[in-house]
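Peer 1: Residue numbers (this note's numbering), protein chains in the order written: chain D, 657 to 670; chain L, 14 to 270.
A virtual CB, placed ideally from N, CA and C, is assigned to each residue, including glycine.
The model shown is predicted, which means the values in this text are computed figures rather than measured ones.
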Amino acid sequence: RGVQLNITEFYRST
Amino acid sequence: MLELRLVQGSLLKKVLESVKDLVNDANFDCSATGFSLQAMDSSHVALVALLLRSEGFEHYRCDRNLSMGMNLNNMAKMLKCAGNDDIVTIKADDGGDTVTFMFESPTQDKIADFEMKLMDIDSEHLGIPEAEFQAIVRMPSAEFARICKDLSSIGDTVVISVTKEGVKFSTRGDIGTANIVCRQNTTVDKPEDATVIEMQEPVSLTFALRYMNSFTKATPLSNQVTISLSSELPVVVEYKVAEMGYIRFYLAPKLEE
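(1) Rounded to a whole number of angstroms, what is the C-alpha to C-alpha distance between T200(L) and R66(L)?
(2) Note the first and the last residue of the continuous beta strand (DSSP E) segment covering K253(L).
(3) Name the DSSP beta bridge partners of R77(L), please?
(4) In the DSSP assignment, what residue or residues form a beta bridge with D202(L)?
(5) Name the DSSP bridge partner or partners of R159(L)?
(6) In terms of DSSP beta bridges, what is F48(L) paired with?
(7) Got a sec, what are the start and stop residues for the alpha helix (DSSP H) R31(L) sits in?
(8) Can you tell me which of the three DSSP states L234(L) falls into?
(9) Could you pull out every residue in the same chain whose Cβ sits closer than 8 Å to the Cβ of L222(L), ignoring the five residues on either side in sequence?
(10) Taking the straight line between their C-alpha atoms, what separation do you get for P119(L) and V20(L)?
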């Protein structure tokens with residue numbers, strides 16, 4: 657149920 | 014040459030127990046400021062950031078910035094061989110392909126050397142800007158661990174909502190629903206038993222309990238846990254590491270249909 661977002665959608669790789 | 018001597022070796026033992034099930038392999042970065050790690054879990058849903066500041070070590074020698082790739086399970090296996098009261102020293106040569114963990118008993122009558130092969134890990138490093146949160150909850154870490162454990166017997170996601178009433182943890186599953194509300198409570202004997210809620214504005218987010226339960230493996234590190242929430246950001250679950258640093262878990266939210 658529901659869509660799990662990814663951490664990489666919030667923080668960009670440096 | 015790297016030589017980091019931690020008198021309270023048990024802290025490193027507990028740190029590894031906190032992360033070894035979430036992350037398999039990771040790079041430990043050593044610089045003048047301290048010993049740190051940043052790594053995502055295999056599904057890129059959660060991120061762990063560890064910092065042990067150099068001042069927290071009895072002796073901290075780091076001639077050149079060093080990044081050491083390690084399998085955290087193997088590292089945990091070696092650290093399990095350290096006594097809770099042992100002094101732990103991490104040693105490595107610049108450009109070497111191994112790291113040594115030295116355990117000294119408090120009476121110095123037993124000294125152990127464990128040497129582990131380093132790995133080449135090309136890990137993605139994420140930039141995590143300082144953020145303003147809509148709500149920050151500080152509560153007893155054992156309490157938070159108990160809530161996550163109890164709710165995961167009912168459902169697999171938790172809705173964490175902060176309102177002026179307090180912080181609510183909710184879940185639902187095939188057998189039914191569960192709601193746990195914790196109110197601010199600062200009239201406690203011991204400060205670590207307090208629940209403090211700073212709310213800029215109400216916020217409500219949904220997370221997978223599987224990850225939350227994994228984060229609570231860090232409970233032995235600190236009596237308190239801080240949960241920082243903002244509707245556009247992953248939740249940050251932070252445990253302080255004595256006076257020398259922290260372990261922070263970031264978890265991306267779920268979008269409920």
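Peer 2: With the given structure in hand:
(1) Here residue 200(L) refers to the residue found at position 187 when the second sequence is read from its first residue. Here residue 66(L) refers to the residue found at position 53 when the second sequence is read from its first residue. Each residue's Cα considered, the two are about 32 Å apart.
(2) On the second sequence, residue 253(L) is found 240 positions in, with the first residue counted as 1. Boundaries of the beta strand (DSSP E) around K253(L): 248-254.
(3) Within the second sequence, the letter at position 64 stands for residue 77(L). Its beta-bridge partners do not exist; DSSP assigns none.
(4) Taking the second sequence and counting its residues from 1, one reaches residue 202(L) at position 189. None; D202(L) has no bridge partner.
(5) Counting from one through the second sequence, the residue named residue 159(L) turns up at place 146. Its beta-bridge partners do not exist; DSSP assigns none.
(6) Sequence index remark: in the second sequence, residue 48(L) carries index 35 (1-based). In the DSSP assignment, F48(L) is bridged to C43(L), L65(L).
(7) As a first step, residue 31(L) is located in the second sequence; it is residue number 18 there, counting from the start. It is worth fixing the name first, because residue 31(L) is Ser in this sequence and not Arg. For S31(L), the enclosing alpha helix (DSSP H) stretches over residues 22-32.
(8) On the second sequence, position 221 is the one that residue 234(L) refers to. Three-state DSSP puts L234(L) in a helix.
(9) Numbered from 1 along the second sequence, position 209 holds the residue referred to as residue 222(L). Answer for L222(L): C161, L164, S165, G168, D169, T170, V171, T184, listed in chain order.
(10) Walking along the second sequence from the start, residue 119(L) turns up at place 106. Walking along the second sequence from the start, residue 20(L) turns up at place 7. Each residue's CA atom was taken as its position, placing P119(L) and V20(L) some 9 Å apart.
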